[in-house]
Amino acid sequence: MLGKNGYGSPDRRPCFFKIMLPPNFTRLRIPHDFNEQLSDINSNQATLTSRTCENWEVELVKDDKGDLYFTQRWPEFVKHHSLVPLDILVFKYNGDSSFDVVIFDKNGTVRNYHHHHQEPASSFPSFEKKMQSSNIGSKSLVQIPKKFATEHLPHSKQRITLRNSDGVSSSASIIIFSRKYLAITGG
5 MLGKNGYGSP DRRPCFFKIM LPPNFTRLRI PHDFNEQLSD INSNQATLTS RTCENWEVEL
65 VKDDKGDLYF TQRWPEFVKH HSLVPLDILV FKYNGDSSFD VVIFDKNGTV RNYHHHHQEP
125 ASSFPSFEKK MQSSNIGSKS LVQIPKKFAT EHLPHSKQRI TLRNSDGVSS SASIIIFSRK
185 YLAITGG
């Protein structure tokens, strides 16, 4: 119900939040103290609805300690929403194993998905590179395969976003490594 000036009354649904850290990209633990709010769950599935207005059926698994986790299809939810470390997710429980999910970026603003639609990661050009210890650190370089650079990148310095197979993103730069090659360097 909307109140004056388009603002609604306080949302009284039970909720919890999670800060996205690496363990949360493959499965997400629901806080143990929140479990009593879920006494009506009779299924091993939960429905997550985000601002993209899509429903995600994720598996809900209880471990031997009684902790509940979002598991199967959770990594796809993470990838689809381009979640990165320090994003904050607020889960508002609607009952019947259904949650509305509000995603905030690390600056505390709600992520707006209305102006772009993220294609599945597999539709983007990509290449794989086995990382060596010499590739780690702010002063290191990773050479971009020549065929990939020629087909997909302008031959100039620019900022890019790298995403690993778990959907974790980081910022980097493409630089001209030599007259023949481009390379990626850290943030």
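The sequence shown maps to residues 5 to 191 in our numbering.
Just so you know, even glycine gets a beta-carbon here, dropped at the ideal spot from N, CA and C.
Beta-carbon spacing of residue i, residue j below 7 angstroms
i, j, result
"residue 148", "residue 162", "no"
"residue 101", "residue 47", "yes"
Cβ neighbour criterion (16 or more within 10 Å) applied to residue i
i, result
"residue 90", "exposed"
"residue 25", "exposed"
"residue 156", "exposed"
"residue 62", "buried"
"residue 175", "exposed"
"residue 54", "buried"
"residue 23", "exposed"
For residue i, three-class secondary structure by DSSP
i, result
"residue 76", "coil"
"residue 124", "Only weak support is given to the placement of residue 124: the predicted model assigns it a pLDDT of 41, under 50, and the value that follows is read from those uncertain coordinates. Residue 124: coil per DSSP, three-state reduction."
"residue 98", "strand"
"residue 39", "helix"
"residue 155", "helix"
"residue 22", "strand"
"residue 189", "strand"
"residue 8", "Any reading at residue 8 must be qualified, since the residue scores a pLDDT of 39, below 50, and its modelled position is unreliable; no value is offered."
Residue of the options minimising C-alpha distance to residue i
i, options, result
"residue 96", "49, 67, 68 and 42", "42"
"residue 59", "81, 38, 70 and 67", "81"
"residue 71", "48, 39 and 56", "39"
"residue 66", "109, 56, 174 and 31", "31"
For residue i, the residue or residues it bridges with in DSSP
i, result
"residue 132", "Looking at the DSSP assignment, residue 132 forms no beta bridge with any residue, so it has no partner."
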